[in-house]
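Position 333, counted from 1, in the sequence shown is what numbering that gives the first Met the number 0 calls 332; the numbers after and before it change by one each time, with no gaps. Right, one structure below, let's go through it.
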Amino acid sequence: MREDFLHFIWKFRLYTKELYTTGGEELIVIHPGQHNADAGPDFTNAQIRLGKTRWAGNTEIHVKSSEWYVHGHHTDNAYSNIILHVVYEHDRSVYDRNGREVPTLELKGKFSESIFQKYFYYLNNKNWIPCEKDLHYLSIEKVNIWLNSLLIGRMERKAANLRSLLEHNKNNFEETFYQVLAGNFGFKINEQPFRMLAAVLPLQILGRHKNSLMQIEALLFGSAGLLNADFQDEYPRALKKEFEFLRNKYQLVPVQGHLWKFMRLRPPNFPTIRIAQFAALVHKSQRLFMKIIETDGIAGLIELFDVEASSYWDNHFVFDKPSEGSTKKLGKEAIQNLLLNTVVQMLFLYSLVKADERYQEKAVEFLMQIEPEINSIIKGWKAVGIDAKNAFESQALIELKNNYCNQKKCLSCSIGLDLLKMNS
Ligand code: SF4
C-alpha cells in the first residue's frame, strides 16, 4: 500500500458508505477537506460527524497508524487538532501532544482492492502511456474536458514565467514581445544567441530606424557579431560600414559571433537567414504586439508574419558564398511555431496582467486554428488512439505526457481518476 493512494481514496471518497472508527463510533464524512501538499497535516478543513458530534479540522493519513510516532506527530503542535487519523492498517492507538487519543479510521477492507491493483499496474508497467490499454473505456468528451484544463494550466504557467521579463522591461509589452519573439526565432538551436541579441539591441533603437531595412539589418547583423570579417560582397561591406557608425552612436556591445550555430541545420534555417527574416519583420511591423492584440482570426496573424529576407539572401545562405536562387520566406511551419510559442503565450500574459479574459479567449481561439505540432509525443498519442486535431489539443497532450504520464501522476489526472473509479 502507498500513502498517496490512500490520499486519493480519502479525497474522492472511494470507500464503503458505512464507516466506524477503530473505537466503534459511527463516522460520517461531511467533507474530506483540502489536500495539503505542503508541510503539516495531509488534509485541512475537513468536516466529519463522530457519533452525534460534528467536528471540523485536519486529518492525517498513514499506511500504518504507528507511523504517527515514526513521524513525531505526538510531540508536534501542528498535529494537536487532528480530528481523524485515516490509516490503511491500525496497528497501534495514537495520542496527540495533549494526551488525547486521536480517533482513527482503518480503510483496510473498506475500498475495492482492485483500484489499488490497477494503480499498481499503471505505476509499474512499461507502456508509453501507462493507462494506454484502458483509454478506450473513456469518452472523448471526458478526455477533452481534462485536456482543456491542462492546456489552460500550461499556458498560465508559461505566461507567469514571462511575467518577470515583463517587469524587467518596466511593463513594456512591445519590448517584451520583441525579446520573446527573438528567442523563438532561434528555433531552439539558436534560441540563446537570439535572446542575447535582443538583450543588447533594444527594440527602441531599432524603432528609430524603422524606415530603413538596410539600417535594421546592419543593427541586427552587427549586434549579432556577424559583421567582423573582411567581406568581398558589397552588401555585407555596406552593412558593416553602417553598423560601425550606429555602434558608436548607441554604444552597442555585440554578441560574440561564434555563439551562432550553423552545424546540423538545413541552410534555410541558418541564423543568417533567420536574422534577415527577423529584420524584415521588424521593418514591416511597428508596434507588432498591439497589431496582434487587434487582429482577429488566424489569417490576419499569418499575414503579419508573412515576410521574406531581403534580396541579397535570394542567392546566399551566408555572406560571400553565392548559392542557387530562391526567396527566403518565413515558412508556414516556422510561422505556426512562432504563433504558438510567442503570440499565444504573450496573449495569455496580457490577459493575466490586464485581468481581462478576452485575450485568453483570443489565444485559445488562435490555438484551435493552428495545426498540431508533429513530434514524437503527438505521434505517440496518435498510436494509442488520441489524435490531436489542432495546437490546442497537441499542447495539452504534451503537457499530459510530460507532466503527468512520465511522472506517473495518475492519481492527480482526471483520466486516472475516471479509470480507477471504474474499478471501485
Ligand atoms: S497520468 Fe493520466 S493519462 Fe497518463 S497514464 Fe496516468 S492516468 Fe493515464
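Cβ atoms here follow ideal geometry from the backbone N, Cα and C, with glycine treated the same way.
When Cβ pairs closer than 8 Å are counted between the two stretches, the region 170-180 is seen to touch the region 327-345, the count reaching three or more. Under DSSP, residue 55 shares a beta bridge with 46. Taking each of 375, 414, 118 in turn and checking the Cα distance to residue 147, the smallest one comes out for 414. Short note on residue 408: C-beta closer than 7 Å to some heavy atom of ligand 1. DSSP places residue 85 inside the beta strand (DSSP E), whose first and last residues are 81-88. The continuous stretches of alpha helix (DSSP H) do not include residue 93, and DSSP gives it neither H nor E. In this model, residue 112 and residue 263 are separated by some 53 Å (Cα to Cα). For residue 316, the enclosing beta strand (DSSP E) begins and ends at 315-317. Nearest in C-alpha terms to residue 372, of all of 333, 364, 216, is 333. Bridge partners of residue 33 according to DSSP: 43. Spatial neighbours of residue 184 in its own chain (CB-CB distance under 6 Å, excluding positions within 5 residues in sequence) are listed in chain order as 193, 273, 277.
Here residue 349 has 358 as same chain residues with Cβ atoms under 6 Å from its own Cβ, once five neighbours each way along the sequence are excluded.
With a cutoff of 7 Å, residue 414 counts as near ligand 1, since its C-beta is closer than that to a heavy atom of the ligand. Residue pairing for residue 103: DSSP places it in a beta bridge opposite 84.
When the Cα atoms are used, residue 386 and residue 335 turn out to be separated by approximately 19 Å. Taking the Cβ atoms as the reference, residue 327 lies roughly 12 Å from residue 270, outside the contact range of under 8 Å. Between residue 101 and residue 81, the CB-CB gap stays under 8 Å.
In this structure, DSSP gives residue 28 an extended state, which the three-state scheme calls strand. The secondary-structure analysis by DSSP pairs residue 19 across a beta bridge with 25. Between the alpha carbons of residue 378 and residue 401 lies a gap of roughly 14 Å.
The C-alpha of residue 209 lies about 16 Å from the C-alpha of residue 249. Boundaries for residue 128: no alpha helix (DSSP H) harbours it, and the DSSP string shows neither H nor E there.
In the three-state reduction of the DSSP assignment, residue 307 falls in the strand class.
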